[in-house]
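First up is the structure itself, then whatever we jot down about it.
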Amino acid sequence: MSRKIDYQKELNTKQREAVFSTVGPHLVIAGAGSGKTRVLVYRVAYLVEQGIRPEEILLLTFTRKAASEMLRRASLILDERCDRVSGGTFHSFANIILRKYAACLGLSNNFTILDKSDAEDTINLIRSKLGFHKANKRFPRKGALYALLSKSVNKSHSVDWSENIKKVLYADYPNFIEWEDEIIKIRDEYALYKRSKSLLDYDDLLVYLKELLLEFEQVRLRLASKYRYIMVDEYQDTNKLQAQIVYSLAAESKNIMVVGDDAQSIYAFRGANFKNIIDFPKIFKDARVITLEENYRSTQSILNLTNQLIACAEEGFEKTLYTRKPGDKLPVYAETQDEHGQSEYIADKILALREEGVELAEMAVLFRSGWHSNDLEIELASRNIPFVKYGGQKFVEAAHIKDMLSYLRIAQNVSDHVSWYRLLLLLPGIGPKTAEGVIRHLAYPQGGQGVDPCGDKIFARRPELTELFKLYKKLDLKELKPAEMLELCVEHYQPLLKNKYDDFDKRLNDIVSLVRIAWRYKSLEQFLTDMALEPPERNIIQAGIKDKDDSSVVLSTIHSAKGLEWHTVFIIYLAEGHLPSYLSLEDSAAIEEERRLLYVAATRAKENLFLLKPHIDRSPRSYFAESSTIFTRPSRFLEQNNILSKFTSVETRAEEGFYALSADDIIEKKPLRRKREFLETIEEYFGSDND
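Sequential numbering of the sequence shown, starting at 7, is according to our numbering.
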């Protein structure tokens, strides 16, 4: 039985405007916390209530869970007719359509879909078949190859795949440029292999659907007639392929509503195209733009800051978020002496807020890069504060951190054969059998005099073994502190790390963090004991599993926090070179995405927002600099529009006498590229397949 929906009572004015707008193209700019999901749910119900056949409605989202939840809610507020609405991801929709029209493209309708892991394994098979695994120089591994090829599809500007690969290679994978021809060869062989075996990966689903819609007009018209009302969620996260699919389906009826927030477009690294949402009114000339500005999450003090933050964006839709929610506590900007001071500040605040009745689960620490939380994880663990981490790898669980700790464990205990075995297998040319032989020799050296790496015959033809044992001899527990020992180990491990992992630089960041943490210890025994008995992972609560206090602090990369909210949010490392990342400083578009990252992070807070900056930069970059002490400057985003002076309460724990250098003193910046002009036509925007 249908329920009578009271739209006047259940929606605000702008939400009603969006829900009742059913004819023609519409762009709904939904500010953070403004109820965009509610709009989509009620619009589905309204369309069905107005007599539109549910089968004519298509709802595209980025997760199946989101689509099913929206349709479930629509059924609850109206009736079960909403269950018949077609809802799902772009990929699931493509799967349904391609199985029906597979013959048009020369595909079998019982094709197999490769998930990410399957696709990587297939690429690895081809990599080995072509003999690239035997290359004299390090050749990219399967994970890096898959990521590169996938990005070349999702950011494609040309029908020439080799050109797309080259663009991604030079922009995002410069360390692989020497393998350009080989990578293109792998891509070609991968495509042939999939075609011959009736295999499609995730990217193929979109590529083939786009091809079907563009090459077979009868099919496109049939689908456009079937789905006369189309809605797309999170439109700012769509890539170019997805935008082309949406346009092709909606070009006839033009009854298309896309919902999103240009200020929350933060997934360019996955291929998302910021221009899709910005240029929607240019593609659909008569598009109506509706802006949702009433926020139901944050206090006005927090919104005042975020409004100023995004007002400085180079381009975007104008909006000023407001709320009726009470609360006038200013966001806090806190400057600490260094990274560890930042960790102590957060731990102190967490414990104080817990005493005030704020659950740990209602507090989150957000950061730009996964390694930013390394020191904090150790600090929280030492205070028995449970936490869960989203995005990035858990610090002590990482293979490269375990490798580094193994060096120290053999220094503490030469009979730690597990650590010896781990280290020996890192060495080129050393397999399990050789490693076992070396360990037996360690246990029972000839003559019982111990191992002499320079004179023992077992090492004579193995210089890599000699180097490892020379290092072992240098690790003097009486003379060296744990951090000094680790620094010696880094010299030995760095080339092994580079050879073993494609993401060498990211892993090196973690190792530098480990060295920084080790400087707090005088005793190797205590350092290793703390890592073993109270490592961060012992204090990590898995998602969905609560402790007896029903509480655990959330640590998350900003990318993983999108769509979530907490009572209290801490954003760390708000310094030039961190947010914005130093990798973005030569690209104006990348700088703008960094601004949006900070905006997304700040708009997660409901009641309390803390913005933190260590005064001294002890990041991996500063560690390898000529001078390992670099003074930081606040993120440029906080210095614009007088945000720090007008919209925050400032605290400091930095020692007197410290001063911040300008951003120019920290990182040499190149002129930013000029802002790109808007594209004037659909063909120019999407590119022509005849180019």
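Each residue gets a CB set at the ideal place from its N, CA and C atoms; glycine is no exception.
query	result
State yes or no: is the C-beta of L84 within less than 9 angstroms of the C-beta of A51?	yes
Which residues share a DSSP beta bridge with I236?	L64, I262
Helix, strand or coil, according to DSSP, for F533 in the structure here?	helix
Could you pull the start and end residues of the beta strand (DSSP E) that S433 belongs to?	Before going further, note that residue 433 is Leu rather than Ser in the sequence given. Looking at the DSSP string, L433 is not in any beta strand (DSSP E), and its letter there is neither H nor E.
For I58 versus R234, is the C-beta distance shorter than 9 angstroms?	yes
By the 10 Å Cβ neighbour count, where 16 or more other Cβ atoms means buried, how is H139 classified, buried or exposed?	exposed
Short of 6 angstroms in beta carbon distance, which residues of its chain neighbour D89, apart from the five on each side in sequence? Order them along the chain.	S81
Which partner residues does W572 have in the DSSP bridge list?	A611
Can you name the start and end residues of the alpha helix (DSSP H) that F99 belongs to?	96-106
Do the stretch 555-570 and the stretch 422-433 make contact, defined as three or more Cβ pairs closer than 8 angstroms?	no
Below 8 angstroms on the Cβ atoms is my guess for L372 versus R610; work out the distance and round it to an integer in Å.	7 angstroms
Tell me whether the beta-carbon of I597 lies closer than 9 angstroms to the beta-carbon of L315.	no
Using the C-alpha atoms, what's the distance from G30 back to I262?	6 angstroms
Residues in the same chain with beta-carbon distance under 8 angstroms from Y214, minus the five sequence neighbours each way, listed in chain order, please.	A100, L104, L111, L113, L206
One question on the structure: do R330 and E299 come within less than 9 angstroms of each other, judged by their Cβ atoms?	no
I356: which of W572, R144, D121, F182 sits nearest, CA to CA?	W572
To the nearest angstrom, how far is the alpha carbon of E368 from that of Q242?	27 angstroms
Just how far apart, CA to CA, sit Y499 and K480?	15 angstroms
Once you ignore the five residues that flank V25 on each side, which residues in its own chain have a CB closer than 8 angstroms to its CB?	Y13, L17, V45, Y48, R49, Y52
Apart from the five residues on each side of it in sequence, which residues of its chain come closer than 7 angstroms, Cβ to Cβ, to E126?	K148, G149, Y152
Less than 8 angstroms between the CB atoms is what I'm expecting for Y351 and R659, so what's the real figure, rounded?	6 angstroms
Between V606, L618, F643, Q646, which lies nearest to G39 when the distance is taken from Cα to Cα?	V606
Using the three-state DSSP reduction, which class does A669 fall into: helix, strand or coil?	In this predicted model, A669 has a pLDDT of only 38, less than 50, meaning its place in the structure is not dependable; the value taken from the coordinates is given anyway. In this structure, A669 counts as helix in the three-state DSSP scheme.
Kindly indicate which residue of R9, N115, E497, L136 has the alpha-carbon position closest to the one of R87.	R9
Rounded to a whole number of angstroms, what is the C-alpha to C-alpha distance between F475 and Q418?	14 angstroms
So, helix, strand or coil for R522, using DSSP?	helix
S375 and H584: beta carbons closer than 9 angstroms?	yes
Taking the alpha-carbon of N282 as reference, which of R389, F117, V265, Y396 has the nearest alpha-carbon?	V265
Quick one: what's got a C-beta closer than 8 angstroms to Q56's C-beta in the same chain, skipping five residues either side?	T28
Buried or exposed: G94, going by 16 or more other Cβ atoms within 10 Å of its Cβ?	buried
What's the C-alpha gap between P287 and A489?	57 angstroms
With distances taken between CB atoms, is the gap from F68 to D268 smaller than 9 angstroms?	no
Is the beta carbon of R428 closer than 9 angstroms to that of S412?	yes
Just curious, the beta strand (DSSP E) that A293 is in, first and last residue?	Note, A293: premise wrong, no beta strand (DSSP E); not H, not E.
Just verifying my parser: in three-state terms, what is the DSSP assignment at L678?	Any reading at L678 needs caution, since the residue's pLDDT is 33, under 50, leaving its predicted position unreliable; the model's value is listed next. Here L678 sits in coil by DSSP.
Is it buried or exposed, R446, if we count other Cβ atoms within 10 angstroms and call 16 or more buried?	exposed
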